[in-house]
Amino acid sequence: MSNLDRIRIQHILVSFDTTPVQAKRSKETAQILATEVLGRAKNEDDFTALVREFSDDPIREDEPAPGVYNLLNNGIDGENFQEFVDSLNAEAEAKHKDLDSQIKEGELSEDEANKTMQEFVDGLRDRGDAKQATIEHPRAAMVPAFGDVGFSLEINEVGVAEYHEDNSPFGWHIIKRLA
Numbered sequence: 255m256s257n258l259d260r261i262r263i264q265h266i267l268v269s270f271d272t273t274p275v276q277a278k279r280s281k282e283t284a285q286i287l288a289t290e291v292l293g294r295a296k297n298e299d300d301f302t303a304l305v306r307e308f309s310d311d312p313i314r315e316d317e318p319a320p321g322v323y324n325l326l327n328n329g330i331d332g333e334n335f336q337e338f339v340d341s342l343n344a345e346a347e348a349k350h351k352d353l354d355s356q357i358k359e360g361e362l363s364e365d366e367a368n369k370t371m372q373e374f375v376d377g378l379r380d381r382g383d384a385k386q387a388t389i390e391h392p393r394a395a396m397v398p399a400f401g402d403v404g405f406s407l408e409i410n411e412v413g414v415a416e417y418h419e420d421n422s423p424f425g426w427h428i429i430k431r432l433a
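Here you go:
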């Protein structure tokens with residue numbers, strides 16, 4: 255196990271149709287694509303461009319560094335992304351209750367409340383996306399192969415977490431260690 259406390263990585267997820275991601279390609283096609291993308295990444299192609307072109311993870315067009323994660327090694331404390339998501343969900347629930355109350359009191363129509371709620375949720379998503387790029391994720395919160403490969407790499411080295419039903423169930427993760 256690596257003795258590093260934290261690392262920063264960028265990754266490309268190459269998935270297929272029977273994973274939780276449900277990408278629109280077969281497992282065999284995904285494996286071929288992952289091998290091709292890994293080769294390009296190791297040949298020092300622009301990794302961010304490869305992420306934008308090939309990753310099956312959701313990516314915003316305006317995101318400057320898509321697919322970047324800050325990982326904390328096992329036993330290192332830090333802010334938990336799930337706790338942050340839970341706090342956003344609590345805000346959404348409170349807003350929903352407030353809007354329901356305003357509908358019952360005749361202060362808002364259902365259409366107005368729905369529009370307001372959608373705008374609120376969009377704002378929460380933006381906050382979540384922004385936080386995703388800066389928060390440190392506990393290694394244990396990620397699929398095992400993700401951290402295993404990430405913590406084994408040297409800075410600027412590229413590796414792959416092969417698809418495995420238990421250790422990498424979303425597909426192949428092509429990972430570059432940034433720091």
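Heads up: the sequence shown is residues 255 to 433, going by my numbering.
Each residue gets a CB set at the ideal place from its N, CA and C atoms; glycine is no exception.
Straight-line Cα distance separating M371 from D354: 10 Å
task: Can you have a look at K358 and say buried or exposed, based on whether 16 or more other CB atoms are within 10 angstroms of its CB?
output: exposed
message: Looking at the secondary structure, which residues open and close the beta strand (DSSP E) in which M430 lies?
response: One detail in the question is off: residue 430 reads as Lys in this sequence, not Met. Segment 426-431, the beta strand (DSSP E) holding K430.
- prompt: Using the C-alpha atoms, what's the distance from W426 back to A348?
  reply: 38 Å
message: Less than 7 Å between the beta carbons of V268 and L287, yes or no?
response: yes
- request: Give the secondary structure of I330 by DSSP, where H, G and I count as helix, E and B as strand, and everything else as coil.
  value: coil
query: Taking all protein chains shown into account, do 16 or more other C-beta atoms lie within 10 angstroms of the C-beta of H418, making it buried, or fewer, making it exposed?
result: exposed
message: Please report the straight-line C-alpha distance between E282 and H350, rounded to a whole angstrom.
response: 44 Å
message: Please report the distance separating the alpha-carbon of A265 from that of E361.
response: In the sequence as presented, Ala is not what sits at residue 265; that position holds His. Rounded to whole angstroms, H265 to E361 spans 47 Å at the Cα level.
- request: Could you name the residues of the same chain whose beta carbon sits closer than 6 Å to that of I429, not counting the 5 residues immediately before and after it, in chain order?
  value: I263, H265, V403, G404, G413
message: So, under 8 Å CB-CB, P423 and T289 are touching, yes? Tell me the CB distance rounded to an integer number of Å.
response: 19 Å between Cβ atoms; not a contact.
message: Per DSSP, what are the beta-bridge partners of R260 in this structure?
response: L326
First through last residue of the beta strand (DSSP E) which encompasses V305: From DSSP, V305 is part of no beta strand (DSSP E) but of the alpha helix (DSSP H) over 301-308.
- prompt: Unbroken alpha helix (DSSP H) runs of length 4 or more, entirely within the stretch 366-411: which are they?
  reply: 398-406
query: Looking at C-beta atoms only, is the number of pairs between the stretch 381-388 and the stretch 310-330 that lie closer than 8 Å three or more?
result: yes
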